[in-house]
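In case it helps, the numbering used here puts the sequence shown at residues 1186 to 1524. Where a beta carbon is used, it is the ideal one built from N, C-alpha and C, also for glycine. Scroll down for the structure; my scribbles are underneath it.
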Amino acid sequence: MNKMNASIATGLLLGLALAGCAERESSGTSSESRARIRIDGSSTVFPIGEAFAEEFQGLKQRTVRITVGISGTGGGFRKFCRGETDIQSASRPIVTEEMAQCAAAGVRYFELPIAFDAITVAVSPANQWLSSITVDQLNAIWSPSAQGKITRWNQVNPAWPDEEFALFGAGSDSGTFDYFTEAITGKARASRGDYTASEDDNVLVQGIETNRNALGYLPFSYYAPHTARLKALAIGSGDQAVLPSLGNVTNGSYQPLSRPLFLYVSEKAAERVEVREFIEFALTQGVPLIEEVYYLPLSSEAYAKAWANFTGGKLGTAFGGTPEVGLRVEDILEREASL
């Protein structure tokens, strides 16, 4: 499998150009005679999905065609709950409204945690005055009440420059938007609206790197290949501030912006051999691919439990429609699921 580092941006831009819905075929030529698996959803999880798809198609000698879309977590769930896709990738759990949409359409699903992410708060390398930021300061910047009022660095900290900042962040269809707002402002989707928003994380990378007064947030896998173009901020104050890294996610010190990533598989799709084989591959052979695209794999016990839940028919979500911050995947897998 070729390294994904250089292909993430190319894959995303190509994906967003197709059919207006960000769907692209991972590799190989189209053929209606092949079995097809349709994946859509999170741009955060896209690199994982594409890596899985390319490797699995190679193992199956192109007898299975896998398309991987980038509609955002929210946009992907709308398709998934209409029965238009087989697998939904998500950077946050399914929420109450989406559960109701799936239930109304008779779509039941398996919830499978697949990896961990560290949402990264970043500035331009030209920013020389900022190396860390607290949750309270982020809240002061990003809360809905800050819109049109908190626009300059020194309004947040008098020691910072009297210059206007430029904000970049996830679009409202993104699970990253939902999780970041829940963690930082205390309520999912509660955010100021006067910022550059995009479901395409490469747009955020480009915006942040070219503006010395930029501040933004994005998934770790889009920061890690661009460390020469972006400067990550530690979260916290003084010696207690913690930089985003896979190691700090593992030891639990990077809070509250560590989060689990998910695949949701429709019950109907799971009846098909190629889908079951793909999920088995993801849960048993996916670790090197997850590491390759800068995410943190779960423990072997967590993958074994997820596979047992899948083969045992454990349908539904462990979250009950309410996103939560700071949970361990092992705790999630032990919960009773609900639809």
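Asked, Found
"Using 10 angstroms around the beta-carbon of Val1292, count the other beta-carbons present and answer buried if the total reaches 16, otherwise exposed.", "buried"
"Quick one: measure Cβ to Cβ for Ile1224 and Thr1258, integer angstroms, because I've assumed they're closer than 8 Å.", "No, Ile1224 and Thr1258 are not in contact; Cβ-Cβ is about 13 Å, not under 8 Å."
"Quick check on DSSP: helix, strand or coil for Glu1239?", "helix"
"By the 10 Å Cβ neighbour count, where 16 or more other Cβ atoms means buried, how is Arg1444 classified, buried or exposed?", "buried"
"Buried or exposed: Asp1516, going by 16 or more other Cβ atoms within 10 Å of its Cβ?", "exposed"
"Can you list, in chain order, the residues of its chain with a C-beta nearer than 6 Å to that of Trp1492? Leave out the 5 residues immediately preceding and following it.", "Leu1468"
"Taking the beta carbon of Asp1424 as the centre, do at least 16 other beta carbons fall within 10 Å, making it buried, or is it exposed?", "exposed"
"Given a cut-off of 7 Å, decide if Val1434 and Ala1307 are closer than it, judged by their beta-carbon atoms.", "no"
"Go to Tyr1480, then tell me how far its alpha helix (DSSP H) extends in each direction, as first and last residue.", "Run containing Tyr1480: none; DSSP gives neither H nor E here."
"Mapping the DSSP letters down to three states, classify Glu1349 as helix, strand or coil.", "strand"
"Extract the residue ranges of the alpha helix (DSSP H) inside the region 1246-1292, only unbroken runs of 4 or more that lie entirely within it.", "1257-1266 and 1281-1289"
"Are the beta-carbon atoms belonging to Leu1403 and Asp1386 less than 7 Å from one another?", "yes"
"Let me know if Val1450 comes out buried or exposed under the rule of 16 or more other beta-carbons within 10 Å of its beta-carbon.", "buried"
"Straight-line CA distance for Glu1210 to Trp1345?", "Only weak support exists for where Glu1210 lies, its pLDDT of 46 falling under 50; the coordinates are left without a value."
"Would you kindly work out how many angstroms separate the C-alpha atoms of Glu1349 and Asn1398, rounded to a whole number?", "7 Å"
"With a 10 Å radius around its C-beta and 16 neighbouring C-beta atoms as the bar for buried, classify Glu1521 as buried or exposed.", "exposed"
"In terms of alpha-carbon separation, which member of Cys1287, Gly1260, Pro1473 and Leu1483 lies closest to Ser1357?", "Gly1260"
"Do you know offhand how far Thr1395's Cα is from Gly1505's?", "41 Å"
"DSSP puts Arg1513 in a beta bridge; with which residues?", "In DSSP, Arg1513 forms no bridge with anything."
"Find the nearest neighbour of Leu1389 within the set Arg1374, Tyr1408, Ala1373 and Arg1377, judged by alpha-carbon distance.", "Tyr1408"
"Opposite Glu1296 in the DSSP bridges: which residues?", "Tyr1449"
"Curious, which full-length alpha helix (DSSP H) runs of at least 4 residues does the region 1411-1456 contain?", "1431-1435"
"Return yes when the Cβ of Thr1281 is within less than 7 Å of the Cβ of Phe1405, no when it is not.", "no"
"Per DSSP, what kind of secondary structure is Tyr1488 in: helix, strand or coil?", "helix"
"What does the Cβ neighbour count give for Glu1487, buried or exposed, with the cut at 16 atoms within 10 Å?", "Strictly speaking, residue 1487 in this sequence is Ala, with Glu absent from that position. Answer is buried; the Cβ neighbour count reaches 16."
"At which residues does the beta strand (DSSP E) containing Ala1503 begin and terminate?", "Segment: none, Ala1503 is in no beta strand (DSSP E) and carries neither H nor E."
"Here's the rule I'm using: 16 or more other beta-carbon atoms within 10 Å means buried, otherwise exposed. How should Arg1250 be labelled?", "buried"
"Could you check what DSSP says for Ser1212 in three-state terms: helix, strand or coil?", "Residue placement at Ser1212 cannot be trusted, given a pLDDT of 45 that sits under 50; the coordinates are not used to answer."
"Given Ala1351, which residues of its chain have a CB within under 6 Å of its CB, disregarding the five upstream and five downstream residues?", "Asn1396, Asn1398 and Ala1399"
"For Leu1524, report the span of its beta strand (DSSP E) as first-last.", "Neither: Leu1524 is in no beta strand (DSSP E) and is coded neither H nor E."
"Smallest Cα separation from Gln1273: which of Thr1370, Gly1471 and Ile1233?", "Ile1233"
"On the three-state DSSP scale, how would you describe Ile1335?", "coil"
"If you reduce the DSSP assignment to three classes, tell me which class Val1230 lands in.", "coil"
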